[in-house]
Structure formats: C-alpha cells, structure tokens
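Protein chains: 2
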Amino acid sequence: MSLRHALLALLTVEPMTGYDLSKAFQASVSHVWHAPDSQIYPELRRMEADGLLVGAEVPWGPRGKKREYHVTTAGLDAFRAWMNEPLSYTRERDPAHLKAAYLEWAEPDAARAALHAHIANFDEQRVEWLAKVREIDTGTSTMLEKRLTHAPASEHASIRAYKRYTYEGLIARAEHEIQWAERGLALIDELNKTDVPLG
Amino acid sequence: MSLRHALLALLTVEPMTGYDLSKAFQASVSHVWHAPDSQIYPELRRMEADGLLVGAEVPWGPRGKKREYHVTTAGLDAFRAWMNEPLSYTRERDPAHLKAAYLEWAEPDAARAALHAHIANFDEQRVEWLAKVREIDTGTSTMLEKRLTHAPASEHASIRAYKRYTYEGLIARAEHEIQWAERGLALIDELNKTDVPLG
DNA sequence: GCTAACTATCTATGGGGATAGTTAGCTGAC
DNA sequence: GTCAGCTAACTATCCCCATAGATAGTTAGC
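Chains as they are written, first to last, in this note's numbering: chain A, 209 to 407; chain L, 209 to 407.
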C-alpha cells in the first residue's frame, strides 16, 4: 500500500493531475517508484474518498477540463505518520542474482549477454541519477525548487541534503552492480579460457 | 513468471516435495527468491500439467505420503532456455530510498530508526550470505555438493565459482547499503546539531 | 499415552500491478 | 484545415503474490 505514499510525496510538492503524476513516475523518479495510470487514477479517487486529497476541476482549453488533486491536512498527517513509522522490509526477489547462481547452465555468450544487460540497465540508472544530482546542485530541479518555495528557509539545507544523499546512494548502488557484472565477465573469460599449456 | 524458474533451479539439484521447496525458499535462498506454500503447490501442479515435472508419490511413515517432483527433459530444456534468454529488467520499487528522499518530513529519531532498520536488514542478509560463502569453501553446502555429484568433474570449478561470485555480489551490495545508511545517520546528526557558536 | 513441534498439502480471498485498449480534447506544423 | 502527437482520464482483464486458515499425518520427548 505504498503507492499511496509515493503519490502523497509528490503531491506535497504541488497539486497535480493524474496525468502529471503518471509522467512524474515514468520520467523523474522511475526506479524509486513507478505506476501505470490504470493504478494511479483509481487510487487518487480512493484517496479523495478517504479524505487525504481534494480534487478540483480545472478548465483546460475551451471545452476540456482536468482534475487537480490537492493534499488535505489529513493527507499531510497520513504522510507524516508514514514517514515516522518503520517500513517493513519484505523479502525481495532478485532474478538477476538467481540466474547468476546457476550461470553454468547458460552458454558462455548468453551469460556474457546477461551481464552486459545488467551493466546497461544500471548504467542507465546511473546516468539518470547523476543528472538528478546535477539538477539539485545547479538549482534546476523544478520539483525541488517548488518544494523549497513553501518550506521555511531554516529547512532548505536539510531538504537539499536528503535529496542529494538519496541520489548519491542510488548512484553508488548502480556502480556496485556495474562492477559486479564486470567481475562476472572476467570470470566467464577465465573459466572458458582454452588452456594450451604446452603450445 | 519467474517462480517457475526458481523452482526449476532448485529441482535440477535433486527431486523435492513442495514442502522441501518451501523450506529451501524460506531458509537457504531467501532474498534471492521466496514464496509461500500457497503459491508453490499450485505452481508445481501446473508445471506437471505442462510436462516440466513429474510427481511421484512417496510413502511417508506408515500411512502418510508425499509427492516428490522430478524435472523432466522438457523441464531441463525450459530451464536452459530461460538461462540463455535475456531477462527483462522491470523497473523496481524502492520504498527505503523513496522515504530517504523525503526524510525532512520525519522526526529525527524516526529517521534514525529507519536507517538503523535498514542496517539491521542488510546486516542480517550479510551474515546469511557470508555463511553461504563459507559453506561453499568448506564443502558443507548440501545443495552445492549434491549438484556437483551429478555434474561432470570438468564443470565443478565453474559451478563453485558462479555460486561464490553470486554470493560475493550480494555481500558487497549489503555492505553498500549499510554504509549508505551509516552516512545517513551521520547526516542526520550533522543537520540536527544545535549550534551554540558563542558558548 | 499424551502433547508439542514438525512435515505435508490444500483452499479462499483480496490487493497490487502489468498490459492493453477506449474515449476525448488540445496544440501546432505542414 | 487537417493530421500527428500530446494531454487527460478511464475500463477491463489477468497474473502474481500475501495472508490466513483448514486438515492430517509424523516424530520425539516427558
């Protein structure tokens, strides 16, 4: 039930439509949270029914309209409560490492391809997060700057620091995964070396 | 649909009952894969229907019986095919980092507790994987040794090496997460320092 | 001989999420 | 002036998985 809290997190920054939230998940914070719009719209209505949000019809063009959701004080309370309560670490599933543990079953080239895909995946993440950190440092992160405008100046340093800290952790993790995969590639080469000891 | 492949992976080592598989997930490879028995039993029956496994009734005590599943050649083919095909990296969800990005909303003590929980979680994993590596090195891993008995001697080194490589990667990841959380604890202290500059 | 703990299997229910498809209005380029 | 591409919102279906509980036989200790 954490989609709800991810939505609250984004909506504490500024009111948004379901479409905005869908885009925000797809682009800006994918790999931390994501959701298809088919999940977002019903959840927003449920959250409104629960009093965490209020939706406001906003005109859009001559005839169109859209629904912008604002966080209520009950919503803020719920978000703060979630932030203050410990989160349960559910056992995760890790197909990449499951596969790695049985890599002897794969053709060497397929094994290499798997590790290259691992590298490509985390390199993409790394680039994404590096851009985020640069945005934080240069003040070009629209979300962060909006967040700062309605937070007391005394908290600005903390807000900036926690965001940077989060993204740095994700960068380090991505780099770790890349290094692991590279060690794997070296291991595959090592194990598939055709030994010609007495040329 | 990777539960199927996780089950195949374990069953390539030796025939097992649903109960055995449930225990294997709970204990030996949790954090790489896990599943409740309510998922395992139906999936085993589906896999048998698909011809990947055959189940054999085995007496258990005077009146009891259990069903032991053996991998068929079709099952081996399916597993090998999965090992040789690239796996799709689905965007993950990461509640811990989502929370970290909004840590200014939490009470300092709650923020500390969250990071301590993070450390505890990954330290547990670290200990678990370190034990695995030790088992591999000392030849006391029952699963691995069984796997080796029906694999050609020429492959023993590879099998051992891939297992070790996998667990080492998981250990390094756990250590990374611990270090990240520790940096976070230092950051919280830093940000909540009550400045008394002029005594 | 009883009881606790373990082995073994199965069912029910509901939530979360992936995928796909539908409808409708808006905007700008050609 | 129309067509492509974007914004906006919603619906349907299916699968995976979590939680909980039901049932029954086995083993070992007291």
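Cβ atoms here follow ideal geometry from the backbone N, Cα and C, with glycine treated the same way.
Which of the three DSSP states, helix, strand or coil, is assigned to residue i?
i        : result
L/His242 : coil
A/Ala384 : Reading the sequence as shown, one finds His at residue 384 of chain A and not Ala. Looking at A/His384 - three-state DSSP - the assignment turns out to be helix.
A/Pro270 : coil
L/Ala309 : coil
A/His358 : coil
L/Gly263 : strand
A/Arg275 : strand
A/Tyr297 : coil
A/Asp397 : helix
L/Ser236 : helix
A/Thr402 : coil
A/Ser349 : coil
List, in order along the chain, the chain L residues whose C-beta lies closer than 7 Å to that of residue i?
i        : result
A/Ser238 : Arg299
A/Arg288 : Trp313
A/Pro303 : Ser210 and Leu295
A/Asp358 : In the sequence as presented, Asp is not what sits at residue 358 of chain A; that position holds His. Here the premise fails: no neighbours, minimum Cβ distance about 13 Å.
A/Trp388 : Gly377 and Ala380
A/Gly392 : Tyr373
Would you call residue i buried or exposed, if buried means 16 or more other Cβ atoms sit within 10 Å of its Cβ?
i        : result
L/Arg381 : buried
A/Trp290 : buried
L/Val335 : exposed
A/Lys340 : buried
L/Ala286 : buried
L/Ser362 : exposed
Please compile the residues from chain A whose C-beta is within a distance smaller than 7 Å of the C-beta of residue i.
i        : result
L/His384 : Ala380, Arg381 and His384
L/Leu306 : Ala214, Ala217, Val240 and Trp241
L/Gly259 : Chain A residues near L/Gly259: none, gap ~19 Å exceeds 7 Å.
L/Ala235 : In chain order: nothing, as chain A lies at least about 12 Å away.
L/Tyr277 : By Cβ distance, chain A contributes nothing, its closest Cβ being about 18 Å from L/Tyr277, past 7 Å.
Counting only Cβ pairs nearer than 9 Å, list the residues of chain A close to residue i.
i        : result
L/Leu399 : Ala365, Ser366, Ala369 and Tyr370
Assuming residue i is part of the alpha helix (DSSP H), what are its boundary residues?
i        : result
L/Ala322 : Pro316 to Thr346
L/Ala217 : Leu211 to Val221
A/Asp228 : Gly226 to Lys231
A/Ala286 : Thr281 to Asn292
Listing by chain order, which chain L residues have their CB less than 8 Å from the CB of residue i?
i        : result
A/Ala325 : Pro294, Leu295 and Tyr297
Which bits of chain A does residue i rub up against, with CB to CB less than 8 Å?
i        : result
L/Leu395 : Ala369, Tyr370 and Tyr373
L/Ala322 : Pro294 and Leu295
Check the Cβ of residue i against every Cβ in chain L and list those closer than 9 Å, keeping chain order.
i        : result
A/Ala318 : Met291, Asn292, Glu293 and Pro294
A/Tyr227 : Chain L residues near A/Tyr227: none, gap ~19 Å exceeds 9 Å.
A/Ala309 : Ala217, Val237, Val240, Tyr370, Lys371, Tyr373, Thr374 and Tyr375
query: Quick check: the segment 386-402 of chain A against the segment 305-321 of chain A, are there 3 or more CB pairs under 8 Å?
result: yes
message: For the structure I just gave you, are there three or more beta carbon pairs, one from the segment 286-301 of chain A and one from the segment 266-278 of chain A, closer than 8 Å?
response: no
- prompt: Are the segment 360-380 of chain A and the segment 237-257 of chain L touching, with three or more C-beta to C-beta distances below 8 Å?
  reply: no
message: Would you call the segment 387-395 of chain L in contact with the segment 249-264 of chain L, where contact means no fewer than 3 C-beta pairs closer than 8 Å?
response: no
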